[in-house]
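S.K.:
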Amino acid sequence: MTASMDRRNFLRGLGGVLGCSIAAHPMLTTVTMAGANGGRALGDHRLIVIILRGAMDGLDVVQPQGDADYAALRPTLLNPQAADLDGFFRLHPAFGDLMPLWGAGQLGFVHATSTPYRDKRSHFVGQDMLEAGTGMDVPLNQVKDGWLNRLLQTQKGLTSETAYSIGQVAMPLLEGPAEVRNWSPETTLLLTPQARLLFDKVYESDPLFHAASQEAMELADAGNGDLAMAADPSQMAGLKVQDVEQLVDYAAGKLKQDARIAAFSMTGWDTHRGQAGGLSKSLARLQYAILRLQTGLGEKVWGKTLLLAMTEFGRTARENGTTGTDHGTGGVMVMAGGALNGGKVYGDWPGLSEANLYERRDLMPTSDVRAWAAHAIQGLYGIDQSVLENAVFPGLKMGTDPRILL
Amino acid sequence: MSKLRTLAAIRFGYGLPQPKGAPASAEAVLEMLAGPDEAMQTWPIRNSADLVPNIQQLRQIQKAGKKPAAKNPKRDALLQDFSTAAEAASVITFARALDSADGFRERLTTFWADHFSVIAKRQLEALFPYALVDDAIRPHLTGNFADMLTAATLHPAMLSYLDQSSSVGPNSHFGKNQNKGLNENLAREVIELHSMGVGANYSQTDVTEMAKILAGLTMNADLLMEFQPRRAEPGPRELLGKTYDAPGMDNIHAALRDLALQPATGQHLARKLAVHFVSDTPDADLVKAIAAAYNGSGGDLMVTYTALLGHPAAWVGTTEKARQPFDFMVASLRALGVTGEQLQQMPYKQFRGQVLAPMAGMGQPFKRPAGPNGFEEAAEEWITPQGLARRITWAMRVPPRLAEPLPDPVALAQSCLADRASEPLLWGAARAEDITQGVGLVLASAEFNRR
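Top line first, the protein sequences correspond to chains A and B.
Number 269 in my numbering belongs to position 269 of the first sequence; there are no gaps in the numbering.
Positions in the second sequence are counted from 1; adding 1000 to them yields my numbering.
1. Would A:L208 count as contacting chain B if we go by Cβ distances under 9 Å?
2. May I ask you to report which of helix, strand or coil DSSP gives A:H25?
3. Check whether the segment 1423-1431 of chain B and the segment 1306-1315 of chain B are in contact - that is, three or more C-beta pairs closer than 8 Å.
4. Can you grab the Cα-Cα spacing for the pair B:T1319 / B:S1279, in whole Å?
5. By the 10 Å Cβ neighbour count, where 16 or more other Cβ atoms means buried, how is B:E1433 classified, buried or exposed?
6. Would the segment 1243-1250 of chain B and the segment 1344-1359 of chain B be scored as touching if the rule is three or more Cβ pairs under 8 Å?
7. By Cβ distance below 7 Å, which residues in the same chain neighbour A:G96 in space, the five residues on each side in sequence not counted?
8. Going along the segment 1361-1385 of chain B in order, which residues come within less than 8 Å of chain A, judged by CB to CB distance?
9. Hey, could you find the ends of the beta strand (DSSP E) A:Y164 is sitting in?
10. Report the three-state DSSP secondary structure of B:N1072 (helix, strand or coil).
11. Since A:Q194 meets chain B, which of its residues come closer than 9 Å, beta carbon to beta carbon?
12. Please classify B:H1253: does DSSP put it in a helix, a strand, or coil?
13. In whole angstroms, what separates the C-alpha of A:W423 from that of B:T1006?
14. Does DSSP classify A:T316 as helix, strand or coil?
15. Would you kindly report the start and end of the unbroken beta strand (DSSP E) that includes A:A262?
16. What residues match up with B:V1355 in a beta bridge as DSSP calls it?
17. With 16 other CB atoms within 10 Å as the buried threshold, where does B:L1224 fall?
18. Could you pull the start and end residues of the alpha helix (DSSP H) that A:K256 belongs to?
19. Report all residues from its chain with a CB closer than 6 Å to the CB of B:L1037; omit the five preceding and five following residues, and keep chain order.
20. Is it true that the CB of A:V248 sits closer than 9 Å to the CB of B:S1422?
21. For B:R1271, count neighbouring C-beta atoms within 10 Å of its own C-beta (all shown protein chains included) and say buried if the count is 16 or more, exposed if not.
22. Smallest Cα separation from B:V1330: which of B:F1116, B:R1107 and B:D1300?
23. Using a Cβ-Cβ cut-off of 6 Å (strictly less than) and excluding sequence neighbours within five positions of A:P169, which residues of its own chain qualify?
24. Just checking B:L1308 against the ligand ZN - is the residue's beta carbon closer than 8 Å to any of the ligand's heavy atoms?
25. Whole angstroms is fine: what's the gap from B:Q1324's alpha carbon to A:I404's?
26. Let me know if B:N1373 comes out buried or exposed under the rule of 16 or more other beta-carbons within 10 Å of its beta-carbon.
27. Measure the C-alpha to C-alpha separation of A:Q409 and A:S353 and round it to an integer number of angstroms.
28. Within the continuous beta strand (DSSP E) that includes A:A336, where are the two ends?
29. Looking only at DSSP bridge pairs, what is A:L306 linked to?
30. Note the first and the last residue of the continuous alpha helix (DSSP H) segment covering B:K1063.
31. Does the segment 1091-1106 of chain B come within contact of the segment 1149-1159 of chain B, defined as at least 3 CB pairs closer than 8 Å?
32. Report back the beta-carbon spacing between B:L1356 and B:S1090 to the nearest angstrom; my notes put them in contact at under 8 Å.
33. Could you check where the alpha helix (DSSP H) with B:K1003 kicks off and where it finishes?
34. Counting only C-beta atoms, is B:A1120 closer than 9 Å to chain E at any point?
35. Would A:E359 be called buried (16 or more neighbouring beta carbons within 10 Å of its own) or exposed?
36. I want to see whether chain B comes within less than 9 Å of A:D137, judged by CB atoms only; does it?
Pasting the structure below:
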C-alpha cells in the first residue's frame, strides 16, 4: 500500500511543500491553462464518472456467448437467460432494466479494455492508476492529481461549482490543484453565527481544517440539491439503495445547475466466491444509479450527458474453484447517457482461446481505457488531442476516434 | 507536564488526561509494553469456543428441516448470542482504549487490527473481528511478527473474510472429485498487504503458488480452523525462488515464516508504523531505522517499536496526523471524563447511537473497513468537508448526553491538550455562547483532532 499512501499524500497535501521537493517525472509535464478551446468554460455537456471499486467482472456483465470458448471457461456462471445484445454478446440479467436504454442507443460498453496496469493485480494500485490516468512508466508516488482534475486545470473560467466529488469515500480522480467540491449529501451542519465565527478563528492556523470547514459550511448552506423526485421503492424490492439514491439525487441536482462533472464510487465488485449472487446485487445498484440519473436529470440534461463507469481491472477468464473469479486484466467499461452513440459493444474482441488470453489467464486487453475517456472528453468539450495526450493522460496514444458520441 | 509527555500521550496513546499509572517517559512506555497485557485480563471478551455449542445446536435445528423463514424462538436466541457477544466486545474495545494506562499497547493493537483487517460476513461470525484481535494480535503484540502473521493468517476470521475456507487444491482428492479449485484471495493479500507489500519483488506466479501452499486450510462446520489434507494441493511448491515440500501444514508455517523474514516485509512494516504513528510523509531515516531494527532482529516487534520510539524524528513537535474517528472518539470520551465502566453500563442502543453511528458518518464504520487494506492514513482522507462536518456536529451535540455536568471549555482545553492548546482556541473557548458550544469548539478543534 506504500505507493498508494504516497500518492494520496501528494494529492491532498495542502500547500505544495510536500510535492515540490520531488523532481518531476518527464512524463508529467506541467498542465498549462492551455485554452485549446479558446479558454472558454466547459460547455453544456455533463460527464459523470463512476469508479467501480473491487474489479468488476466484465466477462460476466457483457457475456461473449458467441465465443466458442466462453462456455467452458464459465461452467456455472454462464447465464442462458441473459438478453441478447448483438448476436455475440449477451447482457447480465441484473442489468435487464437497462435494455430500453440499449434499444434507444443510450447504453453501450467497451469490452476487453483496461488501464495500462499489469501483472500484480492489486486492487489498490489498480485503482490509483485508473484515477491517476497515467501509465506504467510513471511512478504513482509522483502523480499529484487525478485525470479529471487535470482536465479542469486545462480550462479557464471554471468555478468551484464545476465539478463535484460525491460521497464519504475519497475520489483521487478529482483531486489536485483545480478547485472541486467534495460533499456527502446526507451530511448536515447546523451552526449558530457565533459558532461559525469562533471556528473560523480557531481553524485559521491549520489550512486543512480551515479549508474543509469553509467548504462544509458553504455546502451545508446550499442544501442537498434537487431532492424533489419521487422515489419508486416498489421497483427495488429487497435491495438497499438508499445510499445510491442520495448520492445520485445530489449529483443530478448539481448537474442540473452549474456543475458539469460529477464523480463517485460504488463498491461490491470483488467477487472471489459465489459470484452469481454478489455481482447481481452490485449490478442492480449500478442499474438503479443509471436509471435514477436519467430520471433526475430530465430529458434535456440527460440528452447532453455521458456516464462512464470504470473499474481497476477485469477478472480471470476462467471461473476459480469457488464459483467466483480472481483478479484479472481486461474488462468492461459501461457507458450511458443521451450524448452516447450507444447500442454497441465497442472494442476489438481478442478471443478466449487459451493462447489468446493474457498470461493464459485473463481477458487480453485490446485497448487502453483512457483512450475511450479521452475521445469522449474531446467530443464533449472540444479539447485538443495534444492536451489530452500530454496533460490529462500523459503518454497516452489516443488513436483513431471510435465515435462513441452522437 | 512536560511537552514530551504531552506528545507521548497524544501521539503514542489515546490522549490526555492519561489514566492512572500511565508511563511518564518513552522508556517507561516500553517497559510497560514489555509487561503483561493487563487490559485483556481486566476486560475479557467472550471466547469463540464458548459459542461452538450454539453452532452445533443450530446445525441440529437446520437438520430437523424447519423452514428458515418459520418462527423459531430457540434458533433466534441461539443466533442472538453471537450478536450480543459482538456488541459486548465492541464496548470492551472502547473500554480498553479508554481506561488502560498502557496506551501504546492499545494503539498498537488498533494498528495491527487494521493491518490484518477482517469484517464479519454474517451473524454467526459477528465475534470474528474481535476474536482475531484477542487470539492472534494481542498475544503476539510484543513477540515475533512471524507468529502474529501465522496466527492471523490461520484465524477463522481471516479464512472466512478472504475466502480461504472455500479454496481447494485443484489436484487434491476433493478438488478432483468435486471439480473444485483455488481461490487466491488470501494468498494475494498475505503477500501484498500483510507481509512484503505491493512494491516488493514478487509475481502472479508467487501468488498462485502461495494459494496452492495454503490449499487445505479451511474452516470446519464449527467455524474453527482445520487443515484438511484431502483439499491440499499435492507436490512441491516454489515460492519466491524457494522450494516447499513438507507434509501437512508444515509448508504453510514455513512459507509464512519466510515471508515474515523477507527484508521487504521489514521495509513495508517500518513504513506503515512510521506513517501511522508519526507522519503521513515520514522521515526517511526514521523508516530506515525501524526497518533495520526489524530486519536485524528477525522480526522482533519489541526491538522494532524501540527503534520507533527511540528515533528523534518520532518526537517532532508538529502534529501532522489526523486522529482517525476511533482515536477521536476515545480521546473525546476520555476528555469528557467518560469511563469504560460507564460505557459498559450504557444501554447498547445508546452506545451505538452516540458513538458507533457517528463514527461511520465520519468515514470509519467500526470494524467495517471497505477492504482488506484497512482504513486510510492521510489526514486529508479524514478532514474532508463532509468528514469534518460530522466531527463538528458530534462535538456540538453529543457531549451533553455523555457528561453531566459538562466541563468548563477552557479547563477542558487545558486538560486534554495541556501545552498544545493554542491561544486562539483558549480565546474561542472562553467566548462561546454556552458551555455546549465551547466544549464542541475544543473537541472539534484542529489541535484536538491532530496527533
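Cβ atoms here follow ideal geometry from the backbone N, Cα and C, with glycine treated the same way.
These figures come from a predicted structure and were not determined experimentally.
M.R.: Concretely, from the data shown:
1. yes
2. Confidence in A:H25 is poor, its pLDDT being 44 and thus under 50, which makes the residue's placement too unreliable to answer from.
3. no
4. 8 Å
5. exposed
6. no
7. A83
8. G1361, G1363, A1370, G1371, N1373, E1376, E1377, A1378, A1379, E1380, E1381, I1383, T1384 and P1385
9. A163 to I166
10. coil
11. R1431, A1432, E1433 and Q1437
12. helix
13. Within the shown structure, residues of chain A are numbered from 1 to 406, placing residue 423 of chain A beyond reach of any answer.
14. strand
15. I261 to T267
16. Paired residue(s): none; B:V1355 is not in a bridge.
17. exposed
18. Q242 to K256
19. Inspection of the sequence shows that residue 1037 of chain B is occupied by Asp rather than by Leu. Excluding residues within five positions, the ones whose Cβ falls inside 6 Å are R1138.
20. no
21. buried
22. B:R1107
23. Inspection of the sequence shows that residue 169 of chain A is occupied by Val rather than by Pro. S265, listed in sequence order.
24. No copy of the ligand ZN occurs in the structure displayed, which carries no ligand at all.
25. 43 Å
26. buried
27. Nothing can be reported for residue 409 of chain A, as the shown portion of chain A is limited to 1 through 406.
28. G331 to A336
29. A:L47
30. V1052 to K1063
31. no
32. 7 Å
33. K1003 to R1011
34. In the structure shown, chain E does not exist; the protein chains are A and B.
35. exposed
36. no
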